[in-house]
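Contents: one structure, followed by commentary.
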Amino acid sequence: MPPMEEVHTERGRKKANRIIRDPNPPSFPTDQRNGDKEFVIRRAATNRVLNVLRHWVSKHSQDFELNTELKTRVISFLEEVIHDPELLTQERKAAANIIRTLTQEDPGDNLVTLEEITQMAQEDCKTEPFESHSALEIAEQLTLLDHLVFKVIPYEEFFGQGWMKNDKNERTPYIMKTTKHFNDISNKIATEILQWDDVNLRVSVIEKWVAVADICRCLHNYNAMLEITSSLNRSSVFRLKKTWLKVSKQTKTVIDKLQKLVSSEGRFKNLREALKNCDPPCVPYLGMYLTDLAFIEEGTPNYTEDSLVNFSKMRMISHIIREIRQFQQTAYKIDYQPKFDRGEP
Numbered sequence: 001m002p003p004m005e006e007v008h009t010e011r012g013r014k015k016a017n018r019i020i021r022d023p024n025p026p027s028f029p030t031d032q033r034n035g036d037k038e039f040v041i042r043r044a045a046t047n048r049v050l051n052v053l054r055h056w057v058s059k060h061s062q063d064f065e066l067n068t069e070l071k072t073r074v075i076s077f078l079e080e081v082i083h084d085p086e087l088l089t090q091e092r093k094a095a096a097n098i099i100r101t102l103t104q105e106d107p108g109d110n111l112v113t114l115e116e117i118t119q120m121a122q123e124d125c126k127t128e129p130f131e132s133h134s135a136l137e138i139a140e141q142l143t144l145l146d147h148l149v150f151k152v153i154p155y156e157e158f159f160g161q162g163w164m165k166n167d168k169n170e171r172t173p174y175i176m177k178t179t180k181h182f183n184d185i186s187n188k189i190a191t192e193i194l195q196w197d198d199v200n201l202r203v204s205v206i207e208k209w210v211a212v213a214d215i216c217r218c219l220h221n222y223n224a225m226l227e228i229t230s231s232l233n234r235s236s237v238f239r240l241k242k243t244w245l246k247v248s249k250q251t252k253t254v255i256d257k258l259q260k261l262v263s264s265e266g267r268f269k270n271l272r273e274a275l276k277n278c279d280p281p282c283v284p285y286l287g288m289y290l291t292d293l294a295f296i297e298e299g300t301p302n303y304t305e306d307s308l309v310n311f312s313k314m315r316m317i318s319h320i321i322r323e324i325r326q327f328q329q330t331a332y333k334i335d336y337q338p339k340f341d342r343g344e345p
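Per full-length UniProt numbering, the very first residue in the sequence shown carries number 1; after that it's consecutive.
In C-alpha cells form, the structure reads like this:
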C-alpha cells in the first residue's frame with residue numbers, strides 16, 4: 001500500500017487537472033455574489049492567500065521538498081478552495097495550478113554540492129603548476145569555483161545568525177564551508193608567494209596574482225579580489241621589503257585601486273556601490289552580507305511594542321537575502337577546465 005502522502009499527492013494532481021479542464025464548475029449566480037459584501041471580502045482575502053502561495057511555491061520550492069507535512073497541508077487547503085462553491089472559476093483554477101506545480105515530477109536537482117566542488121578542486125590542484133597558466137585562465141577558473149561555492153548556500157542559513165552560534169557547523173554548514181574556502185584560497189596564494197627564495201620569482205608571482213585580481217574585478221568576482229588582496233596584506237608577505245621594492249609601480253597602483261574598492265571603510269561603501277551598478281553574474285563578498293544581517297538581528301527587535309511582528313525588520317532582512325539570491329541564480333558562462341591548478345589546497 002503506498003504511503004498516505006503519495007495517495008494524497010496523486011489525488012490532488014488529478015483533481016487539479018480536472019478543475020483546470022472544467023470551465024463551468026458549480027457556482028452561485030453572479031449578481032448575488034457581487035452584491036454580497038462578505039463574499040467580496042472573502043474573495044479578496046482568498047486571492048491574496050493564493051498569490052502568496054503561488055510565489056512561495058514557484059520561488060522557494062525547496063521548502064516543500066524538505067517538508068512533507070507542509071506540502072500536504074498546503075495541498076489540503078488548496079483542495080478546499082477548489083471545492084468551495086462560493087468561489088469563482090478564477091480562484092479555483094489558481095488553486096489547481098498551484099497544486100499542479102507542487103505535485104509535478106521533480107526533474108532532479110542539477111546543483112553541484114559543496115562537497116563535490118571541494119573534491120573536484122582537490123583532485124585537480126596538483127596536476128599542473130601555477131606558472132604554466134595565464135592570469136586570465138586562473139581568474140576565470142577561480143571565478144567559476146567561487147561562484148559554485150557561493151550559489152549552493154541555502155537561504156535558510158542566513159536567518160538567526162547561526163554562523164555565530166556554538167553549533168554553527170551544524171546550523172550553517174554551507175556558510176562555514178564557504179568561509180573556509182575563502183581562507184584556504186588566501187592561504188594558498190600566500191604560500192605560492194613565500195615558497196620562492198629568489199626575490200625575482202617572488203616579484204613575478206605577486207605581479208601575476210595582482211593581474212588575476214584585476215581580471216576578477218572585470219568579471220565582478222569581488223570575493224576573489226578580497227582573497228588575493230588579503231593574502232598580500234598578511235604580515236608574512238607584507239614584510240618582504242626587498243621583494244616589494246622590486247614590484248613595479250604599475251602593479252602597486254593596481255593594488256591600491258583594488259584595495260580601495262574592497263575596503264571595509266564606511267561599511268564597504270565602495271564595494272556596495274560597485275555591486276549596485278554591476279550586472280550579474282557576480283560573486284560578492286559574503287562577509288559583508290553576514291555583517292549586515294548581524295547588525296539588523298542585534299539592533300532591531302522581532303516584535304513591536306504592541307507584540308506585533310516587526311515587518312520593518314523582516315523587510316530589511318528580505319532585501320539582503322533577495323540580493324544574495326539574485327547573484328546566486330545568475331551563472332557564469334565559463335567552461336570548467338579539468339586538470340587545472342587554480343590554487344586550491
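Just so you know, even glycine gets a beta-carbon here, dropped at the ideal spot from N, CA and C.
*Rounded straight-line distance, which links the Cα of Trp209 to that of Glu227*: Roughly 10 Å separates the two Cα atoms.
*Tell me, please, whether the segment 312-321 touches the segment 172-189 by the rule of three or more beta-carbon pairs shorter than 8 Å.*
They do not touch, by the three-pair rule.
*Would you kindly work out how many angstroms separate the C-alpha atoms of Asn97 and Met288, rounded to a whole number?*
Take the alpha-carbon of Asn97 and the one of Met288: they are about 39 Å apart.
*Going by other Cβ atoms of all chains shown within 10 Å of its Cβ, with 16 needed for buried, is His55 buried or exposed?*
Result: exposed.
_With three or more C-beta pairs closer than 8 Å as the rule, is the segment 136-153 touching the segment 320-335?_
Contact holds: three or more Cβ-Cβ distances are below 8 Å.
*Say whether the segment 193-203 touches the segment 228-245, bearing in mind that this needs 3 or more beta-carbon pairs closer than 8 Å, one atom from each stretch.*
Contact between the segment 193-203 and the segment 228-245 is present: three or more C-beta pairs spanning the two stretches fall below 8 Å.
*Runs of beta strand (DSSP E) lying entirely within the segment 190-274, each at least 3 residues, in chain order*: As far as the segment 190-274 is concerned, it has no whole beta strand (DSSP E) run of at least 3 residues.
*List in chain order: all unbroken alpha helix (DSSP H) runs of 4+ residues lying wholly within the segment 37-118.*
DSSP runs (the alpha helix (DSSP H)) wholly in the segment 37-118: 37-59, 62-66, 68-82 and 89-103.
*Does the distance from the C-beta atom of Val81 to that of Thr46 stay below 9 Å?*
Yes, Cβ-Cβ distance for Val81 and Thr46 is below 9 Å.
*Alpha-carbon to alpha-carbon, Ala224 and Glu77*: Sequence inspection shows Phe at residue 77; the Glu mentioned does not correspond to that position. Their backbone Cα atoms lie some 47 Å apart in a straight line.
*Sorted by chain position, which residues of the same chain lie with C-beta nearer than 6 Å to Ser186's C-beta, five sequence neighbours on each side aside?*
Sequence-distant partners of Ser186 (beyond 5 residues in either direction) whose C-beta falls short of 6 Å from its own C-beta, in its chain, are Glu227, Ser230 and Ser231.
_Pop quiz: Ile215 and Ala139 are said to be a contact at Cβ under 8 Å. What is the actual Cβ separation, rounded to whole angstroms?_
Beta-carbon to beta-carbon, Ile215 and Ala139 are separated by about 4 Å, close enough to satisfy the 8 Å threshold.
*Would Asn166 pass as a contact of Met176 if the rule is Cβ separation under 9 Å?*
No; because the gap between Cβ atoms is not below 9 Å, this pair is not in contact.
*Given a cut-off of 9 Å, decide if Leu87 and Arg43 are closer than it, judged by their beta-carbon atoms.*
Yes, Cβ-Cβ distance for Arg43 and Leu87 is below 9 Å.
*On the premise that Ala190 lies in contact with residue 350, defined as a C-beta separation below 8 Å, what is that separation, rounded to the nearest angstrom?*
Look at the range of the chain in this structure, 1 to 345, and you will see that residue 350 is not part of it.
*asked:* On the CB-based measure, 16 or more other CB atoms within 10 Å of its CB, does Gln250 come out buried or exposed?
replied: Answer is exposed; the Cβ neighbour count stays below 16.
_Terminal residues of the alpha helix (DSSP H) in which Tyr289 lies_ = Bounds of the alpha helix (DSSP H) holding Tyr289 are Leu286 to Gly299.
*Kindly list the residues whose CB is nearer than 7 Å to the CB of Glu157, restricted to its own chain and excluding five residues on each side of it in sequence; keep chain order.*
Here the set comprises Thr172, Tyr174 and Ile175.
*Give me the Cα-Cα distance between Ile296 and Pro85, rounded to the nearest whole angstrom.*
So the alpha carbons of these two residues sit roughly 46 Å apart.
*Under three-state DSSP, which class holds Val152?*
Residue state, collapsed to three classes: coil.
*Please list, in chain order, all residues of the same chain as Leu53 whose beta carbon is under 6 Å from its beta carbon, the five residues on each side excluded.*
In its chain, beyond the 5 residues on either side, Ile98 have a beta carbon closer than 6 Å to the beta carbon of Leu53.
*Look at Pro280 and His220 and say whether their C-beta atoms are less than 9 Å apart.*
Cβ atoms of Pro280 and His220: closer than 9 Å.
*With distances taken from CA atoms, which of His60, Gln62 and Glu91 is nearest Val40?*
For the residues His60, Gln62 and Glu91, the minimum Cα distance to Val40 belongs to Glu91.
*Output the boundary residues of the alpha helix (DSSP H) element that contains Lys168.*
Lys168 -> alpha helix (DSSP H) spans Lys168 to Arg171.
*Please report how far the alpha carbon of Leu66 lies from the alpha carbon of Val152, in whole angstroms.*
Rounded to the nearest angstrom, the gap between the Cα atoms of Leu66 and Val152 is 16 Å.
*Alpha carbon to alpha carbon, what distance is there between Leu290 and Tyr303?*
Approximately 22 Å, taken between the alpha carbons.
*Can you list, in chain order, the residues of its chain whose CB lies under 6 Å from that of Gln259, leaving out five sequence neighbours each side?*
These residues qualify, in order along the chain: Thr229.
*Distance between Lys269 and Glu69 (C-alpha atoms, nearest Å)*: In a straight line, the C-alpha of Glu69 is about 44 Å away from that of Lys269.
*Cutoff 8 Å; reference Pro107; Cβ partners in own chain excluding five residues on either side*: Note that Pro107 scores 47 on pLDDT, short of 50, meaning its location in the model is unreliable; the coordinates nonetheless yield the value given after this. Hits under 8 Å: none found.
_Expected contact under 8 Å - CB spacing of Leu271 and Arg217 to nearest Å_ = Going by Cβ atoms, the distance from Leu271 to Arg217 rounds to 11 Å, so no, they are not a contact pair.
*Exposed or buried, Pro301, counting other C-beta atoms within 10 Å across all chains shown (16 or more means buried)?*
Result: exposed.
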